[in-house]
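The sequence shown begins at 643 in the working numbering and counts up one residue at a time. Below is one structure, written out as structure tokens; the observations come after it.
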Amino acid sequence: MTETKKRKMSAAQRRERRRKIRNRRIAMTVALVLVVALVSVGGTIAWLTATTDPVTNTFTTSDINITLSESENLNLKMVPGGTITKDPKVTVVAGSEDCWLFVKVEKSDNLASFITYDMAANWTLVPGETNVYYYTGTITQGTAISVLKNDQVTVNNSVTKDMMNSLTASNYPTLKFTAYACQQAHITDPATAWGYAKTATVPTTPDSTT
């Protein structure tokens, strides 16, 4: 192959190389133009969309409220063999959650020498306790539940005048009741419920004296 032919082939190769470079530049320019066009058109495309109304949950509070009351101006004078009206009643206030209901009975050391009493129906000792009772009956909110049978206590007929004379303001027999409540939900036994209920803050009230 002659030198002239080599030079001619080299020139042809150079032209081909320039052509390829020119074609690549054209292709890139066209691609850029298409990208810009697609971006411009994309802003006007209406895609299918959807949404819903919001769902809002408002969590409310719950509570338990109880009252313990008895008749006013009770005549608590002890007469041997007689009965004395003594009518403490517990009420679960309407709107309260279902609850375990308790009554704690506290008495002076000398009470049994002068007074006897029985708990009303459906009051049962809490397992392991000696003076705390829970209610096993149906609780109707707003309805008072008697604590003592027949709403009374009985003065022992063995009480004598000397026993009466031995009493002073500092050692009169006393009988005190305090009511408690604990939610029933998620608590299956009275002993556990009492463990929670007894931690409740109890208002300070005068003892009930018989």
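Even for Gly, the Cβ is constructed at its ideal location relative to N, Cα and C. Note that the structure is predicted; figures quoted are calculated from it, not measured.
Boundaries (first-last residue) of the alpha helix (DSSP H) holding residue i
i: L753; result: L753 to F756
i: W689; result: Looking at the DSSP string, W689 is not in any alpha helix (DSSP H), and its letter there is neither H nor E.
i: T834; result: P832 to A839
i: D804; result: K803 to N807
Continuous beta strand (DSSP E) stretch holding residue i: start and end
i: A823; result: L817 to Q825
i: Y776; result: V774 to Y777
i: K749; result: C741 to K749
i: S713; result: Here S713 belongs to no beta strand (DSSP E), and DSSP marks it neither H nor E.
i: T702; result: Premise fails: T702 is in no beta strand (DSSP E) and is neither H nor E.
Close-in-space but distant-in-sequence residues of the same chain around residue i (CB under 8 Å, 5 per side omitted)
i: K791; result: Y759, D760, M761, A762 and A763
i: T843; result: none
i: G779; result: A763, N764 and I787
i: R660; result: none
Residues bridged to residue i (per DSSP)
i: S788; result: K731
i: V795; result: I726
i: M761; result: L790
i: T671; result: DSSP, once it has assigned bridges, lists no residue as partnering T671.
i: T766; result: Y776
Beta-carbon contacts of residue i that lie in its chain and below 7 Å, excluding the five residues immediately before and after
i: N707; result: V735 and S738
i: P848; result: Only weak support exists for where P848 lies, its pLDDT of 43 falling under 50; the coordinates are left without a value.
i: S750; result: P815 and T816
i: T766; result: Y775, Y776 and T778
i: Q794; result: T725, I726, T727 and K728
Own chain residues within Cβ distance below 6 Å of residue i, not counting five before or after
i: P769; result: A833
i: A752; result: Reading the sequence as shown, one finds Asn at residue 752 and not Ala. So the qualifying residues of the chain are P815.
i: E712; result: D729 and P730
i: V801; result: P722 and F756
i: I829; result: A835
i: V857; result: Residue 857 falls outside the range modelled here, since the chain spans only 643 to 852, and no answer is possible.
i: T709; result: T733
8 Å contact criterion, which residue i and residue j should meet: CB distance rounded
i: I726; j: V797; result: 7 Å
i: K731; j: L716; result: About 13 Å separates the two Cβ atoms, so there is no contact after all.
i: A821; j: D740; result: The pair is not a contact, with the Cβ atoms about 16 Å apart (cut-off 8 Å).
i: T733; j: T785; result: 7 Å
i: N860; j: P722; result: Residue 860 is absent from the structure shown; the chain starts at 643 and stops at 852.
i: L743; j: A823; result: 5 Å
Cβ-heavy atom distance, residue i to the ligand COA, below 8 Å
i: T772; result: Absence of the ligand COA is noted for the structure shown, with no ligands found whatsoever.
Three or more C-beta pairs under 8 Å: does that hold for the region 749–757 against the region 696–711?
no
Does the region 821–836 come close enough to the region 762–779 to have 3 or more Cβ pairs within less than 8 Å?
yes
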